[in-house]
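> Quick note on numbering: numbering that gives the first Met the number 0 labels position 93 of the sequence shown as 92, and the sequence is numbered without any gaps.
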Amino acid sequence: MVKADFYIHKTSGILAYIFQKDGETLILERESDFMEATYHPTTQELKEFRRLKPGELQKLLNNIDSEDKSEKRQAEWLKRKQEQIRTGEIHQYTSSL
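(1) If you measure from the beta carbon of E55 to each beta carbon in chain C, is any gap under 9 Å?
(2) If you follow the alpha helix (DSSP H) that L14 is in, where does it begin and where does it stop?
(3) Report the option in Q57, Y38, R49 whose CA atom is closest to the CA atom of T10.
(4) Smallest Cα separation from A15: which of S31, E70, N62?
(5) My understanding is that E28 touches T37, with C-beta atoms under 8 Å, so please give their C-beta distance in whole angstroms.
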């Protein structure tokens, strides 16, 4: 069984899509200025993130027209991830782990 959700780094504000498979395998995919990275985070790294609330997701998506490049980048990243979830691309990827 795969569990996944959007998280935000408590200090930097970087977004992440964290998913867990079979209760053990943790992978962190994060948005950044330069790339998306997928890797096995440490327990300490995971503690630095908190789950986004539904209202926060919508707020970030609404900021896509914002002049703030960071907020715009995050909103675009969220839209891409949501599209990958909708089309099953992320599910296919996590299923192959």
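Ideal Cβ placement from N, Cα and C applies to all residues, glycine included. A quick note: this is a predicted structure, and the numbers were derived from the prediction, not measured.
Working from what's here:
(1) Of the protein chains in the structure, only one exists, and it is not chain C.
(2) Careful: L14 lies outside any alpha helix (DSSP H), inside the beta strand (DSSP E) at 14–20.
(3) For T10, the nearest C-alpha among the options comes from R49.
(4) Per the Cα distances, S31.
(5) About 5 Å; that satisfies the 8 Å criterion.
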